Amino acid sequence: SQQGEEDPQALSIQEGENATMNCSYKTSINNLQWYRQNSGRGLVHLILIRSNEREKHSGRLRVTLDTSKKSSSLLITASRAADTASYFCATDSQWGGSEKLVFGKGTKLTVNP
Amino acid sequence: SQTIHQWPATLVQPVGSPLSLECTVEGTSNPNLYWYRQAAGRGLQLLFYSVGIGQISSEVPQNLSASRPQDRQFILSSKKLLLSDSGFYLCAWSFHLSGSPGELFFGEGSRLTVL
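Respectively, the protein sequence lines represent chains A and B.
Those letters in the first sequence? Residues 1 to 113, per the working numbering, in order.
Those letters in the second sequence? Residues 1001 to 1115, per the working numbering, in order.
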């Protein structure tokens, strides 16, 4: 079953602008992760945020987590054409099956030069 | 450092033929191993995961099976492929940690087209 759901499905911006992607999930989690996928390639881990954290930064990436709303956002600042990719959130489950990581359908980001 | 190898990268198979996709991990021991499938323009669907040799958990009843004959080898198989088996198959591994899974490390994927 799909745990995370990203929004929007697609996003097109100009280079230099910020890109914000959102993720909603259904059940309580231990942590939430964001991944990036270039077209036709494997996924690459970007950042992990634990359920007791509210915000985390990594370079131009900023991730927030609101466990009361069961939602997370990924902000990419000062976007570049090389940021063009699909971005996925992934969640575990706090209740059993803790080895599993379930992915959303992703947001396809296009950064125009 | 750890690496993951997945092959073949591309495969075109007729309906009813068998399938074998292989994944191996180097540089670590006792990893958790995963097979995901991604349909065109869609998210990732977890198919199987394994926390140890011979321990396979199936997420979706389907035409596929998985095996882990060695600690760092994960194989996805089918006896008879269906058209609906077409997709992009991704193998991944993570460190074996108690509790929540950490970061997944993905292979480059195998694109399967069933005709």
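For every residue, glycine included, the Cβ atom is placed at its ideal position computed from N, Cα and C.
Note that the structure is predicted; figures quoted are calculated from it, not measured.
Which residue comes first and which comes last in the beta strand (DSSP E) that contains residue i?
i, result
"residue 1006 of chain B", "1003 to 1007"
"residue 64 of chain A", "61 to 66"
"residue 1030 of chain B", "Element bounds for residue 1030 of chain B: n/a, residue is neither H nor E."
"residue 1096 of chain B", "From DSSP, residue 1096 of chain B is part of no beta strand (DSSP E); its letter is neither H nor E."
"residue 108 of chain A", "107 to 112"
"residue 56 of chain A", "55 to 58"
"residue 33 of chain A", "31 to 37"
"residue 1051 of chain B", "1044 to 1052"
Can you find a C-beta in chain A that's less than 7 Å from the C-beta of residue i?
i, result
"residue 1109 of chain B", "yes"
"residue 1048 of chain B", "no"
"residue 1042 of chain B", "yes"
"residue 1076 of chain B", "no"
"residue 1008 of chain B", "no"
"residue 1103 of chain B", "yes"
"residue 1095 of chain B", "no"
"residue 1174 of chain B", "This structure gives no information on residue 1174 of chain B, because the portion of chain B shown stretches from 1001 to 1115."
Does any C-beta atom of chain B lie closer than 7 Å to the C-beta of residue i?
i, result
"residue 42 of chain A", "yes"
"residue 1 of chain A", "Here residue 1 of chain A scores only 46 on pLDDT, less than 50, and its place in the model should not be relied on; the value that follows carries that caveat. Output row for residue 1 of chain A: interface = no."
"residue 105 of chain A", "yes"
"residue 45 of chain A", "yes"
"residue 101 of chain A", "yes"
"residue 83 of chain A", "no"
"residue 7 of chain A", "no"
Report back the beta-carbon spacing between residue i and residue j to the nearest angstrom; my notes put them in contact at under 8 Å.
i, j, result
"residue 49 of chain A", "residue 65 of chain A", "5 Å"
"residue 72 of chain A", "residue 63 of chain A", "6 Å"
"residue 100 of chain A", "residue 1031 of chain B", "So it is not a contact: roughly 15 Å between Cβ atoms."
What does residue i pair with, by DSSP beta-bridge criteria?
i, result
"residue 6 of chain A", "A:23"
"residue 1070 of chain B", "B:1073"
"residue 81 of chain A", "Paired residues: none, contrary to the question."
"residue 1022 of chain B", "B:1007, B:1075"
"residue 1012 of chain B", "B:1113"
Run the proximity test for residue i: is its beta-carbon closer than 6 Å to any non-hydrogen atom belonging to the ligand MG?
i, result
"residue 1047 of chain B", "Only the bare structure without any ligand can be found here, which leaves the ligand MG out of the picture."
Next item on the list: Report the residues of the region 61 to 73 of chain A with a CB closer than 8 Å to any CB of chain B, ordered along the chain.
Entry: none
Check: Relative to chain B, which residues along the region 47 to 59 of chain A have a C-beta separation below 7 Å, given in chain order?
Finding: 48
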